[in-house]
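Asker: Right, I'll just put the structure down here and ask away after.
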Amino acid sequence: MTPLRLGYLYGIGAYLLWGFFPLYLRLLRPTGPLEILAHRIVWSVLFVALLLAALRNVGFLRTLARRPRALAGIAVAAALIAVNWGTYIYGVNSERVVETALGYFITPLVSVLLGVTVLRERLRRGQWVALGIGTAAVAVLAVDYGRLPWLALALAVSFAGYGLVKKRLGLPPAEGLFAESAALALPALGYLGWLGATGGLTFGHVSAGHTALLVLAGAATAIPLLLFAGAANRLPLTALGMLQYLAPILQLGCGVLIFHEPMPPARLAGFALVWLALLAFTTDALRHPPPHPRPPADLAVVAPVSRH
């Protein structure tokens, strides 16, 4: 199989898993969002630690320990991804899957906005058009919901901010996930301990299958991320950019077709404006590809921290 085909296989696999993630989260009921988040953190640390140990790739920890700025960046990235994960889990388990899908649809637009406000980047005309249409879409959806779609905005801002911090850190996926989850592990363990002491812990108290599903939270987090890494190292950025819309499309389908969440005409109009904004954004990206496309490479699980 050629590297390009393998890249598409990895990418589609990653976005399929992310797209159907709401189905997995619904199976974790009656566990609350914060307990699910804590389990996701703890089991991610253990899963990735075993993976890195099997690959004999633990030397990056010594390198990280000598980089205070990198450690600070990891702390910021960990906080942002915790907000993103927690918001997403809350949205799915409070029957707002459609709004979570909206959040990931508008994430590319928020990333562009962060580029302007944080990195002082200059936008091209097509990007300004996309931002304008996206703003109109949020206004239409706010009227439909009777409030700002704060859950979608929180998802988009936290994930776009996370991407910005990750870009500056330059950590490979497995090492980055381990470091971020490790930074959150103590608070997560403390929360689980408090739940156990107060009788609110569901882990081990529902069924054997439910307990196994909570343990699988680590693999469910890490595997699509590593598949994405394999895709990112083999595919052109334009192809990867097109694939990224697969996950929110599937999430939207889960919300409307499987969970039967409402989609009134005004909400559909708001989503249509979002898709129009993304069309303008993608068209502009295709017309102005990056000057240095990413070369194919092996799955970036064992790459050293110092590669950037």
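Using UniProt numbering, the first residue of the sequence shown is number 1, and each one after it goes up by one. Where a beta carbon is used, it is the ideal one built from N, C-alpha and C, also for glycine. Computed from a prediction, not measured in an experiment: that's the story for all the values here.
(1) Under a Cβ-count criterion, where at least 16 other Cβ atoms within 10 Å of its own Cβ denotes burial, should P149 be classed as buried or exposed?
(2) For A160 and T107, which I take to be in contact (beta-carbon distance under 8 Å), what is that distance rounded to the nearest angstrom?
(3) Pair every Cβ in the stretch 165 to 177 with every Cβ in the stretch 123 to 141, then say whether three or more of these pairs are closer than 8 Å.
(4) Where does R66 land, buried or exposed, given buried means 16+ other C-beta within 10 angstroms?
(5) In angstroms with no decimal places, state the Cα-to-Cα distance between L227 and L16.
(6) Please confirm whether A280 and G241 have their CB atoms less than 7 Å apart.
(7) If you draw a straight line from the C-alpha of residue 336 to the C-alpha of V206, how long is it?
(8) Sort F271, L71 and L268 by Cα distance to A169 and report the nearest one.
(9) Tell me whether M263 sits in a helix, a strand or coil according to DSSP, three-state version.
(10) For R56 and A188, I'd like the C-alpha separation in whole angstroms.
(11) Is E121 helix, strand or coil by DSSP?
(12) By Cβ distance below 7 Å, which residues in the same chain neighbour L273 in space, the five residues on each side in sequence not counted?
(13) Does the stretch 76 to 84 come close enough to the stretch 21 to 35 that 3 or more CB-CB pairs lie under 8 Å?
(14) Just tell me which of R96, G59, V112 and L25 has its CA closest to the CA of T282.
(15) My guess is that S44 and A183 are in contact by the Cβ rule of under 8 Å, so how many angstroms apart are they, rounded?
(16) Going by other Cβ atoms of all chains shown within 10 Å of its Cβ, with 16 needed for buried, is G120 buried or exposed?
(17) Taking buried to mean at least 16 other C-beta atoms within 10 Å of its own C-beta, is E95 buried or exposed?
(18) Is F178 helix, strand or coil by DSSP?
(19) So does the stretch 83 to 98 actually touch the stretch 248 to 264, counting three or more Cβ pairs closer than 8 Å?
(20) Between residue 345 and F47, is the Cβ-Cβ spacing less than 7 Å?
(21) Looking at the unbroken alpha helix (DSSP H) that takes in Q251, where does it start and where does it end?
(22) Quick one: what's got a C-beta closer than 7 Å to V58's C-beta in the same chain, skipping five residues either side?
(23) Please report how far the alpha carbon of L61 lies from the alpha carbon of A49, in whole angstroms.
(24) Is F203 helix, strand or coil by DSSP?
(25) I'd like the span of the alpha helix (DSSP H) that includes S44, first residue to last.
(26) Closest to L246 by CA distance: which of F105, V42 and R26 is it?
(27) Using the beta-carbon count (16 or more within 10 Å), is A277 buried or exposed?
(28) Of the residues G255, R69 and Y145, which one's Cα is nearest the Cα of P22?
(29) Quick one: residues in its chain with C-beta nearer than 7 Å to the C-beta of L225, no 5 flanking neighbours on either side, listed in chain order?
(30) G103 and A152: beta carbons closer than 7 Å?
(31) Looking only at its own chain, which residues have a Cβ that is under 7 Å from the Cβ of A179, when we skip the five neighbours before and after it?
Answerer: Once the coordinates are examined:
(1) A residue is called buried when at least 16 other Cβ atoms come within 10 angstroms of its Cβ; P149 meets this threshold and is buried.
(2) Confirmed, about 6 Å.
(3) Output reads no: the stretch 123 to 141 does not touch the stretch 165 to 177.
(4) Exposed: under 16 other Cβ atoms inside 10 Å.
(5) If you take the alpha carbons of L227 and L16, they lie about 11 Å apart.
(6) No, the Cβ-Cβ distance between A280 and G241 is not below 7 Å.
(7) The structure shown does not extend to residue 336, since the chain is modelled only from 1 through 308, so no value can be given for it.
(8) This sequence places Leu at residue 169; Ala is not what is there. Out of F271, L71 and L268, L71 has the C-alpha closest to the C-alpha of L169.
(9) Residue state, collapsed to three classes: coil.
(10) In this structure, the CA atom of R56 is about 26 Å from the CA atom of A188.
(11) Looking at E121 - three-state DSSP - the assignment turns out to be coil, as it is neither helix nor strand.
(12) Closer than 7 Å at the Cβ level, and outside the excluded window around L273, lie I133, A136, A137 and V140.
(13) Not touching, per the Cβ criterion.
(14) Ranking R96, G59, V112 and L25 by CA distance to the CA of T282 puts V112 first.
(15) The pair is not a contact, with the Cβ atoms about 11 Å apart (cut-off 8 Å).
(16) The sequence given here has Arg at residue 120, not Gly. Burial call: exposed.
(17) It counts as exposed.
(18) In the structure shown, F178 adopts helical secondary structure according to DSSP, grouped into three states.
(19) Short answer: they touch.
(20) In the structure as shown, the chain begins at 1 and stops at 308. Residue 345 is therefore absent and cannot be evaluated.
(21) Per DSSP, Q251 belongs to the alpha helix (DSSP H) from L246 to G253.
(22) Result list for V58: L52, in chain order.
(23) Going by the C-alpha atoms only, they are around 11 Å apart.
(24) In the three-state reduction of the DSSP assignment, F203 falls in the coil class, being assigned neither a helical nor a strand state.
(25) Boundaries of the alpha helix (DSSP H) around S44: P33 to A54.
(26) Residue F105 is the option with its Cα nearest to L246.
(27) That one is buried.
(28) The shortest C-alpha separation from P22 is found at G255.
(29) Cβ neighbours of L225 within its own chain (closer than 7 Å, five residues either side excluded): P173 and L177.
(30) Judged by beta-carbon spacing, A152 lies within the 7 Å limit of G103, meaning their Cβ atoms are closer than that value.
(31) Closer than 7 Å at Cβ, skipping near neighbours: L64, I74 and L171.
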